[in-house]
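First comes the structure, then the notes that go with it.
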Amino acid sequence: MIELFQAQDRIEAQMLKDYLQDRGIESVILNDHLSGALGELPANIFPTLWLLEDQDLSKARQLKEQFLNLHASKVAAWRCPACGEQIDGGYEICWNCSTPGPKDNNKE
Ligand SMILES: [Zn+2]
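Counting in full-length UniProt numbering, the sequence shown runs from 1 upward without gaps.
What follows is the structure in structure tokens.
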């Protein structure tokens with residue numbers, strides 16, 4: 001086994017595990033049961049995702065990056081100023097009316 005990723009919480013670890021499993025990579029979550037068994041959440045113990053097959057590591061790392069980008073873009077969702085649609089952060093223009101998102105203004 002080889003370590004892939006230390007998650008922020010159990011939900012994130014489980015989501016990434018499912019994401020990898022859908023793409024043919026088997027993994028397990030470790031440390032997960034420790035926090036439950038103690039009855040409180042130790043601040044420095046996070047669930048860690050381990051790959052069953054070391055040879056999956058490079059592919060799994062790419063998938064992990066995709067997963068994290070997806071995850072981050074959901075947080076950065078924006079609302080179209082023209083038509084009021086809620087747009088996922090992965091889109092730079094409104095999928096409904098093609099108005100550019102507010103992100104373009106921040107970079108200059
Ligand atoms: Zn729009």
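Here a beta-carbon is modelled for each residue, glycine too, at the ideal position from N, C-alpha and C. Bear in mind the structure is a predicted one, so any value in this text is a computation, not a measurement.
Report task. Report yes if the C-beta of Ser27 is less than 8 Å from at least one heavy atom of ligand 1; otherwise report no. Result -> No - ligand 1 has no heavy atom lying nearer than 8 Å to the Cβ of Ser27.
Query raised in the report: With a CB to CB cut of under 7 Å and the five nearest residues on each side skipped, what residues in its chain are close to Leu51?
Result: Met1, Ile2, Leu4, Ile25, Ser27, Leu57, Ala60
**Report entry** DSSP state of Ser27 mapped onto helix, strand, coil
**Finding:** Of the three classes helix, strand and coil, the one that applies to Ser27 here is strand, per DSSP.
Query raised in the report: Pro100 to Glu92, Cα distance in whole Å?
Result: Computed Cα separation, rounded: 6 Å.
**Report entry** Own chain residues within Cβ distance below 8 Å of Glu85, not counting five before or after
**Finding:** Once the five neighbours on either side are set aside, the close Cβ partners of Glu85 are Arg79, Cys94, Trp95, Asn96, Cys97.
Query raised in the report: With respect to 8 Å, is the separation between the Cβ of Ala13 and the closest non-hydrogen atom of ligand 1 below this value?
Result: Taking 8 Å as the cut-off, the C-beta of Ala13 does not count as close to any heavy atom of ligand 1.
Report task. Indicate, with yes or no, if ligand 1 has a heavy atom lying under 8 Å from the CB of Thr99. Result -> yes
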